[in-house]
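Numbering (our numbering), first residue to last: 245 to 686. We put the CB at the ideal spot given by N, CA and C, even for glycine. Nothing here was measured: the structure is a model prediction, and the numbers come from that model. Please read the structure below before turning to the comments.
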C-alpha cells in the first residue's frame with residue numbers, strides 16, 4: 245500500500261515540484277527493456293543520430309572536431325562515429341565550460357567528482373538528462389526487487405544529508421549510513437535495527453558492503469538477511485560477492501556506471517550484465533583505438549544518448565570489459581546486449597593504526613572538494629601505518645591546501661596518523677588506462 249502511495253502520489257508530486265520527469269522516464273524504460281533486438285537497434289541508432297546532429301549544430305568543441313575529421317552526419321552513423329577522437333577527463337577539463345556546453349539549455353546541476361581514478365572531473369546536467377539518469381538507475385534497482393517505499397540500508401559518501409535528503413530518506417524508508425566510518429561498533433549499531441527483519445535491501449559501494457559483511461562475520465551477527473544487495477560505484481570482486489551473500493543470506497545485484505552520469509549496465513535475476521542501450525552506446529576498443537570482436541577484452545568507450553547539455557561522445561571510462569558475443573535472448577526475457585565481464589580496477593581498502601577501514605570513496609569524497617588538486621594517489625606500505633599521497637597540482641594551488649586535506653582526513657577518520665604528501669608531475673595509469681587511486685604494498 246505504502247509503495248503505491250510513493251509511486252502514484254509522492255513520486256509524481258516530487259517530479260512536478262522539481263520540474264523533473266523521472267516517473268515518466270522510468271515507465272518508458274520499463275517498456276524499452278522488453279523490446280526486440282530490431283527495435284532496440286532502431287531506437288539506439290535514432291538517438292545516436294539525434295545527439296550527434298545536436299553536437300554538430302550546437303556544441304563548439306564537436307563542431308570543430310567534426311569538421312577536422314570530415315565527419316558526415318548523413319553517412320553510416322557507426323562508421324562516422326569511429327572517426328571522432330576519444331574524449332577524456334583532461335580534454336573535458338581543458339574545454340569546459342564554453343566549448344562543451346549547449347548554452348541555450350538551462351543547467352540543473354553541476355557535479356564534481358574525483359571518481360575511483362583520483363582525477364578531478366566536472367559534468368553538467370539539465371533537468372531532462374538528470375531525470376533520465378535517475379530513471380535508468382531506478383530500473384537497475386528494480387531488477388534487484390527494490391521499489392521506492394521498501395525499507396533499505398544505504399551507505400554513501402555524503403553523511404551531511406541536509407533537509408531535502410533527510411525528508412527523502414524518511415519518505416522512502418531509507419536508513420543512510422556513512423560509508424567512510426566502518427568499525428566494529430558502527431557496524432553493530434547500524435545492523436541492529438535490521439536483525440531478524442525481512443524485506444530489507446542493502447544499497448552501496450561493494451568495498452563498503454564487503455567491509456560490513458567481514459565485520460558482521462567477526463562479530464557473529466548471523467541474523468541479518470537482506471532481500472537483495474545492490475552494489476554501485478566500485479568493482480564487485482568475486483570474493484566480495486561470496487562473503488556478502490554468505491553472511492547476509494542474500495543475492496548481490498551489481499550495477500555498472502560512470503560518475504559522469506552514465507548508467508551502463510545492471511544485473512538481471514540471472515546475473516547477466518545488460519547494457520541499457522537506450523541510454524548509452526558502448527564500444528570496446530584495443531590500445532590502438534580499434535574495435536575488438538565481441539568476447540574480447542578491451543577498453544570501455546561510452547557515448548551518452550541523453551545529455552544534450554554536455555554531450556559525452558566516445559568518452560573513455562578507463563575500465564576494461566568484455567562484451568558478450570552471444571546475442572540470443574537472455575533467460576530473463578530481455579534482448580538487451582550483455583557484458584560478460586567488467587574488469588575495472590582493484591579498489592582496495594586501507595587501514596588506520598586503529599584498524600579502521602578506509603575505502604576508496606573515503607578519499608574521493610574528500611578530494612572532490614579540492615579542485616586545486618588535479619589528480620591524486622594514496623599509497624600504504626604496511627597495514628595500519630602511515631600513508632603517502634602523491635598529487636598533481638591544479639589551478640590556484642597553495643601549500644595550505646595540503647593541510648586542509650590532512651585535517652579533513654583526520655576529521656572523517658576520527659583518528660590521526662602520519663600522512664606525507666609528495667608532489668609529482670605524472671601518475672602512471674593502470675593497464676585499463678586509469679590511474680589507480682589506492683596502492684597497497686602489503
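Among the options, which has the Cα closest to the Cα of residue i?
i	options	result
residue 449	414, 663, 490, 399	399
residue 367	478, 342, 499, 650	342
residue 605	599, 620, 543, 597	620
residue 658	576, 292, 424	424
residue 633	670, 267, 284, 601	670
residue 270	318, 544, 520	520
residue 349	453, 442, 245, 302	302
residue 333	431, 356, 288	356
residue 596	315, 529, 654	654
residue 494	540, 392, 445, 639	445
residue 428	456, 584, 264	456
residue 443	247, 320, 296, 430	247
residue 454	609, 482, 295, 672	482
residue 638	613, 626, 559	613
residue 296	547, 647, 522, 622	547
residue 324	309, 682, 335	309
residue 379	257, 272, 282	272
residue 535	411, 387, 567, 518	567
residue 431	601, 628, 647	601
residue 506	381, 514, 599	381
Report the three-state DSSP secondary structure of residue i (helix, strand or coil).
i	result
residue 680	coil
residue 597	coil
residue 478	coil
residue 541	strand
residue 639	coil
residue 371	helix
residue 603	coil
residue 666	strand
residue 569	coil
residue 288	helix
residue 578	coil
residue 562	strand
residue 378	helix
residue 660	coil
residue 472	strand
residue 646	helix
residue 548	strand
residue 246	helix
residue 625	coil
residue 556	coil
residue 583	strand
residue 614	coil
residue 633	strand
Report yes if the CB atom of residue i is closer than 9 Å to the CB atom of residue j, and no otherwise.
i	j	result
residue 352	residue 579	no
residue 509	residue 569	no
residue 491	residue 532	no
residue 552	residue 373	yes
residue 299	residue 290	no
residue 498	residue 463	no
residue 420	residue 471	no
residue 383	residue 274	yes
residue 565	residue 528	yes
residue 525	residue 549	yes
residue 487	residue 461	yes
residue 397	residue 438	yes
residue 468	residue 388	no
residue 392	residue 250	yes
residue 375	residue 265	yes
residue 586	residue 622	no
Residues in its own chain within less than 6 Å of residue i by CB, not counting five upstream and five downstream?
i	result
residue 452	399, 423, 603
residue 624	594, 631, 684
residue 590	Caution applies to residue 590, whose pLDDT of 39 falls short of 50 and renders its modelled position unreliable; the value that the coordinates give is listed next. Here the set comprises nothing.
residue 544	561, 563, 565
residue 652	610
residue 584	566, 568
Which same chain residues end up closer than 7 Å to residue i when comparing Cβ atoms and leaving out the 5 residues on each side of it in sequence?
i	result
residue 286	none
residue 554	344, 345, 367, 368
residue 485	496
residue 480	450, 496, 498
Shorter than 9 Å from the beta carbon of residue i to some beta carbon of chain B?
i	result
residue 333	The structure shown contains no chain B, having only a single protein chain.
Spatial neighbours of residue i within its chain, please: C-beta separation below 8 Å, excluding the five flanking residues on both sides.
i	result
residue 666	632, 633, 634, 635
- Item | Whole alpha helix (DSSP H) elements within the segment 250-282, 4-residue minimum | 255-262, 266-276
- Task: Mind listing, in chain order, the continuous beta strand (DSSP E) runs of no fewer than 3 residues lying wholly within the segment 492-539?
- Result: 496-502, 506-511, 517-519, 524-529
- Ignoring anything shorter than 3 residues or poking outside the segment 384-451, list the beta strand (DSSP E) runs there in chain order. 396-400, 418-422, 445-448
- Would you mind listing the alpha helix (DSSP H) stretches within the segment 295-355 that are 4+ residues and don't spill past its ends, in chain order? 304-312, 321-325, 333-339
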